[in-house]
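Chains as they are written, first to last, in my numbering: chain A, 1 to 436; chain B, 1 to 103. Quick reminder that beta carbons are idealized off the backbone N, C-alpha and C, glycines included. Here the structure is a predicted model, which means the values were calculated and not measured.
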């Protein structure tokens, strides 16, 4: 005989996805338990450092008045590095420094804790220090709850929403994930470096709460990936995102790659003298659509990094916003399904429909080629030198030689670097299909 | 840490000092176990290079010993591992393990 559910919905993981799912569910009057294995929401979470909270307009009006933001990103740079060169595209907008804002740097333990407090305020029960160790299923395999490591361990619900992060043991146990392939993951490592606010303002050319986001191609020491530098109020976040199989094959330690980045002539003046406040690391689901699990099972939805919702598309590096949105839509689909009395895969179809109608899956579908392209060997190890050497020759004065045309420079540098024209054309087309 | 040529300076720190910047509430139960005998047949020992906390240490007889205490719980080790069953990976008990800093 089926046991009665203890609550309507169990949400596993109090990160951005779990918090937003819980906010929607609790506001609809459903009984929600939000489980968090850390001692507080956000305690297990790290990222590079920038969040784009636009989607929160739907959940927390004027969120910018209360969100624990470090700085508003008003300056966004993309930097291409070789060991001795740097080419930077630098964009600034004062509009991003005023409501409704665009991106912000924030510490995840602060941000996630704040977001989960909204779930609690809406009526969700937040249970911290509780690790989910397995799923409860009925005779038909339908998910009916979770087993936790608490003494009174089992908790039953009409529906479980797995927002348990990149390793998502819940979605894996439910059989929603294809076999794990390390090539779909990157390791993010970061140093949080303390410097006085005035020094950061001066070095990065910003004032007040203005902040800087620098994304870096090249500079990761032969390991496919990317670098980043972000400004917090009185710290700088510097780190690298590293493709796992390459990291292992190149025999380069993650902290050595950060050290190499910090020693680069274009980066060193920004970080010198800073003191390490915290070292941190996290794995990132990097491959987007190519690695996404099934998002729905009987009695189960998957959201956030657990569903590989992170968008790693070179010029767009986003994750928290995809987590918040997928959690929110999972919450909405769950409300409909519970009210209709059908939490089967079919009854939960509203989740994937919502994702498909909005940026969550539309961006992932449009950018499905981007993660692979951005981490490809040519983009990683050949094009940075092509770009910087073309720039060097454009800006170098070779008198008495006359100025060469751009086309001639590109052709000669392409040949010098052994890049075949058809490879360049194919990558260009792939890039255009993604970013065009 | 390998020596890096540089014109600029920042405080040089040891790996242990680096890890000491991170808070860990260590549980007595090891949440990751490594079957060192399986590792003896491993040609890559990718975990030794890739673990950001540098928790995997090769032994003289070709095996690997592992410390679970200062683990980021990131999953890198089991993802890069190519020896079936060498690494058994779970999350630490609730409330334990790494605790990233709040301001």
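**Message:** So that I know if they touch, is there some Cβ in chain B lying closer than 8 Å to that of residue 52/A?
**Reply:** No, residue 52/A lies away from the interface with chain B (no Cβ there is under 8 Å from its Cβ).
| message | Considering only their Cβ atoms, is the gap separating residue 304/A from residue 17/A smaller than 8 Å? | response | The beta carbons of residue 17/A and residue 304/A sit closer together than 8 Å.
Practice prompt. Going by DSSP, name the residue or residues bridged to residue 275/A.
Written response: Residue 275/A is bridged by DSSP to 194/A.
| Going by DSSP, what residues sit across from residue 199/A in a beta bridge? | DSSP lists no partner for residue 199/A.
So, does the stretch 385-397 of chain A touch the stretch 245-258 of chain A, judging by three or more C-beta pairs under 8 Å? By the Cβ test, the stretch 385-397 of chain A is not in contact with the stretch 245-258 of chain A, since fewer than three Cβ pairs between them sit closer than 8 Å.
*If we count the other Cβ atoms within 10 Å of its Cβ and call it buried at 16 or more, is residue 432/A buried or exposed?*
Its Cβ having fewer than 16 others within 10 Å, residue 432/A is exposed.
- Query: DSSP on residue 40/A, reduced to helix/strand/coil?
  - Reply: Of the three classes helix, strand and coil, the one that applies to residue 40/A here is coil, per DSSP.
For residue 294/A, which of helix, strand or coil comes out of DSSP? Of the three classes helix, strand and coil, the one that applies to residue 294/A here is coil, per DSSP.
* Would DSSP call residue 380/A helix, strand or coil? -> Note: residue 380/A maps to helix in three-state DSSP.
TODO: Could you work out which residues of chain A lie near residue 73/B, taking near to mean beta carbons separated by less than 7 Å?
DONE: Those are 44, listed as they occur along chain A.
My understanding is that residue 185/A touches residue 55/B, with C-beta atoms under 8 Å, so please give their C-beta distance in whole angstroms.
-> Wrong, their Cβ atoms sit about 18 Å apart, outside the cutoff.
Beta-carbon contacts of residue 330/A that lie in its chain and below 7 Å, excluding the five residues immediately before and after: If we look at residue 330/A and ignore the five residues flanking it on each side, its Cβ neighbours are 21, 161, 301, 303, 351.
*Taking the alpha-carbon positions, what's the residue 347/A to residue 337/A distance?*
Cα-Cα distance, rounded: 6 Å.
**OP:** Identify which residue in 97/B, 14/B, 81/B, 91/B has its Cα closest to the Cα of residue 49/B.
**Re:** Out of 97/B, 14/B, 81/B, 91/B, the CA that lies nearest to the CA of residue 49/B is found in 81/B.
>> DSSP has residue 138/A in a bridge; who is on the other side?
In response: DSSP lists no bridge partner for residue 138/A.
Item to complete: Report buried or exposed for residue 220/A, applying the criterion of at least 16 other Cβ atoms within 10 angstroms of its Cβ.
Response: The residue is buried, with at least 16 neighbouring Cβ atoms inside 10 Å.
#### Entry: residue 217/A beta carbon less than 8 Å from that of residue 83/A
No, they are not a contact pair.
Could you tell me whether the Cβ of residue 120/A comes closer than 8 Å to any Cβ of chain B? Chain B contact via Cβ: absent.
query: Would you say residue 80/B faces chain A, with C-beta separation under 8 Å as the test?
result: Yes, because at least one Cβ of chain A sits closer than 8 Å to the Cβ of residue 80/B.
Worksheet item: So what's residue 352/A in DSSP terms, helix, strand or just coil?
Response: It is helical.
For residue 2/B, would you say it is in contact with chain A, using Cβ-to-Cβ distances shorter than 8 Å as the test? Note that residue 2/B scores 39 on pLDDT, short of 50, meaning its location in the model is unreliable; the coordinates nonetheless yield the value given after this. Yes - at least one Cβ of chain A is within 8 Å of the one on residue 2/B.
Euclidean distance between Cα positions of residue 53/A and residue 377/A:
Between residue 53/A and residue 377/A, the alpha-carbon positions lie close to 33 Å from each other.
Less than 8 Å between the beta carbons of residue 24/B and residue 108/A, yes or no? Taking C-beta atoms as the reference points, residue 24/B and residue 108/A fail to come closer than 8 Å.
Quiz item: How would you call residue 196/A, buried or exposed, if buried means at least 16 neighbouring beta carbons within 10 angstroms?
Solution: Exposed, because fewer than 16 other Cβ atoms sit within 10 Å of the Cβ of residue 196/A.
| task | Determine which residues of the stretch 273-298 of chain A have a Cβ less than 8 Å from any Cβ of chain B, and write them out in chain order. | result | Legend: CB atoms of the stretch 273-298 of chain A lying less than 8 Å from CB atoms of chain B belong to residues 273, 274, 275, 276, 277, 278, 279, 280, 281, 282, 283.
- Message: So, with DSSP's three-state summary, where would you put residue 284/A?
- Response: In the structure shown, residue 284/A adopts extended strand secondary structure according to DSSP, grouped into three states.
Three-state class that DSSP yields for residue 318/A in the structure shown: Strand.
| said: One question on the structure: do residue 370/A and residue 434/A come within less than 8 Å of each other, judged by their Cβ atoms? | reply: Against a cut-off of 8 Å, the Cβ pair of residue 434/A and residue 370/A comes out as a contact.
For the alpha helix (DSSP H) holding residue 16/B, just list the boundary residues, first then last. From DSSP, the alpha helix (DSSP H) with residue 16/B extends over 15-19.
Who are the near neighbours of residue 53/B in its chain, counting only those whose CB is closer than 7 Å to its CB and skipping five residues on each side?
-> Correct list, in chain order: 19, 70, 71, 72.
- Query: Quick one: what's got a C-beta closer than 6 Å to residue 6/A's C-beta in the same chain, skipping five residues either side?
  - Reply: Only 155, 156 meet the Cβ criterion.
Going along the chain, which residues of the stretch 111-137 of chain A sit with their C-beta nearer than 8 Å to a C-beta in chain B? Cβ contacts with chain B come from 113, 128, 129, 130, 131, 133.
_Beta-carbon proximity check, residue 297/A vs residue 235/A, cutoff 8 Å_ = Not a contact, by the Cβ cut-off of 8 Å.
Review point. When DSSP labels each residue in this structure, what does residue 1/A get in the three-state scheme?
Key: Confidence in residue 1/A is poor, its pLDDT being 48 and thus under 50, which makes the residue's placement too unreliable to answer from.
- Query: Do residue 227/A and residue 261/A come within 8 Å of each other at the CB atom, strictly closer than that value?
  - Reply: Cβ distance < 8 Å, so residue 261/A and residue 227/A count as in contact.
In this structure, does DSSP put residue 8/A in helix, strand or coil? Three-state DSSP puts residue 8/A in a strand.
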